[in-house]
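**Q** So for the sequence shown, this note's numbering puts the first residue at -1; every next one is plus one.
The beta-carbon is built from N, C-alpha and C at its ideal position, and this holds for glycine as well.
Quick one: the structure is below, and I'll ask about it shortly.
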Amino acid sequence: MERVEYREEPCRSALNRVKGMAFKWSLNPYMGCVHRCTFCYVRHFEHRSDRPSDDRYGRSIRVKTNVAEVLRSELARPSWTRESVAIGAATDPYQPAEGRYRLTRGCLQALAEAANPFSIITRGPMIVRDLDVLVDAASRASVSVTFSVPTLDPEVWRKTEPGTAPPRQRLRALKELVDAGVRASVGMAPILPGISDRPEQLTEVVRAAREAGACGVWANLLFLRPGTREHFLESLARDWPEELGRYEQIYAGRAYLGADETKPVRARVAELAREIGIADRRAPRLEPPAAPEQLALVV
């Protein structure tokens, strides 16, 4: 295991305005990620910013030491309208550094105190340490957690997600959250054509998600933008050289596969979810109190 440098640096802002995504605001207590997944889309943003997107990515982690305090001040601004915040869009908030710094926990406490909705995406079972805060937050505002579980295939996991906890550990963490009433789902992303998209591989993940009590399952395929493309193809040449030609062909001149390639896989996962019975079965089901009804004034 290569040595990782942790740079303790305060931040000026905690909330980031996001464009072109399904959410408007993101929060990342750390920058950089020791999981070093071969397909990580963040490598593209590092490449675009002239930062290392190759094997050096993930060996230097910025620790935003004051992020929870800055977040509290931002949430208290009169202009803030309590929009939902996505945590973990550019780094895993439960990578190993969280065990020492607990910055994600501090941010969740700030969001809970402000009754501010948020979502989390993670590959880190360490999230169960914050179950008490998640339960508190989910009783005040909308809270959702997505565990990224692209595959349960041990070979694919080891080669493509070298720094992560085993997928079944993530599912055990999901079960703890759901049993406590927190809404938690599985994101099967990215599914890798020819590597993790076989029918039996997809079925295995959906079935395991159902057994863990996942409230939902969604899927997406790999996309390769500059920075991610070079690193992934280099890893592919080493680990699955027989697949390299196929990827160079199907991703030639584009970062995203077309509907002809993506729609059947996503439709199959949705069909499996229906067949296997993925649904929100939480008991108890933590939800924020309903907004009080306003009485109409009779003039």
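For L219 and L255, what's the separation of their Cα atoms in angstroms?
**A** Approximately 8 angstroms, taken between the alpha carbons.
**Q** Assuming A207 contacts L169 under a Cβ cut-off of 8 angstroms, what Cβ separation, rounded to an integer in Å, is found between them?
**A** Between L169 and A207 the Cβ distance is about 7 angstroms, and since that is below 8 angstroms, they are a contact.
**Q** Taking 9 angstroms as the cut-off, decide whether the C-beta atoms of Y28 and A84 are in contact.
**A** No, these two residues do not count as a Cβ contact at 9 angstroms.
**Q** Need the endpoints of the beta strand (DSSP E) that I59 sits in, please.
**A** First-last of the beta strand (DSSP E) with I59: 58 to 61.
**Q** So which of E7, C35, G30, R103 has the shortest CA-CA distance to G161?
**A** Nearest of E7, C35, G30, R103 to G161, Cα basis: C35.
**Q** What do you reckon, are the CB atoms on A136 and V180 nearer than 9 angstroms?
**A** For A136 and V180, yes; Cβs fall inside 9 angstroms.
**Q** Just to confirm before moving on: does the CB-CB distance between W23 and V16 stay below 9 angstroms?
**A** Cβ distance < 9 angstroms, so W23 and V16 count as in contact.
**Q** With 16 as the cutoff for other CB atoms within 10 Å, does E240 come out buried or exposed?
**A** Label assigned to E240: exposed.
**Q** Looking at the structure shown, is R70 part of a helix, part of a strand, or coil, going by DSSP?
**A** Three-state DSSP puts R70 in a helix.
**Q** Distance check for G56 and Y4, CA to CA, integer angstroms please.
**A** So the two alpha carbons sit approximately 10 angstroms from each other.
**Q** Relative to the C-alpha of Q247, which candidate in L200, E259, R236 has its C-alpha closest?
**A** It is E259 whose Cα lies nearest to the Cα of Q247.
**Q** Taking only runs that begin and end inside the stretch 165 to 238, name each unbroken beta strand (DSSP E) of 3 or more residues, in chain order.
**A** Within the stretch 165 to 238, the complete beta strand (DSSP E) runs of at least 3 residues are 181 to 189, 215 to 219.
**Q** How about I189 and L175: do their beta carbons lie closer than 9 angstroms?
**A** No, Cβ-Cβ distance for I189 and L175 is not below 9 angstroms.
**Q** Please go through the same chain and pick out, in chain order, the residues whose beta-carbon is closer than 7 angstroms to the beta-carbon of V2, but skip the five residues on each side of it.
**A** For V2, where only same-chain residues beyond five positions count, the Cβ hits under 7 angstroms are V32, R57, I59.
**Q** Among D151, R103, A288, E81, whose alpha-carbon lies nearest the alpha-carbon of P91?
**A** When only C-alpha atoms are compared, the closest one is R103.
**Q** Would you identify the three-state DSSP class for Y249, choosing helix, strand or coil?
**A** Residue state, collapsed to three classes: coil.
**Q** With distance defined between alpha-carbon atoms, name the residue in C38, N14, V68 nearest to E7.
**A** Closest by alpha carbon: V68.
**Q** Using 8 angstroms for Cβ pairs, my map puts L172 next to A212. What's the rounded Cβ distance?
**A** Sure, about 6 angstroms apart at Cβ, within 8 angstroms.
**Q** Just curious, the beta strand (DSSP E) that V2 is in, first and last residue?
**A** Element bounds for V2: n/a, residue is neither H nor E.
**Q** DSSP three-state call for T102: helix, strand or coil?
**A** Residue state, collapsed to three classes: helix.
**Q** Buried or exposed: which applies to R75, given that a residue is buried once 16 or more other Cβ atoms fall within 10 Å of its Cβ?
**A** Classification for R75: exposed.
**Q** Taking 6 angstroms as the limit between beta carbons, can you name the residues of its chain near K62, skipping five residues before and five after?
**A** Counting only Cβ-Cβ distances below 6 angstroms, and skipping sequence neighbours, we find C9, P27.
**Q** For L73 and A108, which I take to be in contact (beta-carbon distance under 8 angstroms), what is that distance rounded to the nearest angstrom?
**A** That belief holds up - the Cβ atoms of L73 and A108 are roughly 6 angstroms apart, short of 8 angstroms.
**Q** Specify the secondary structure class of V143 as computed by DSSP and reduced to three states.
**A** Strand.
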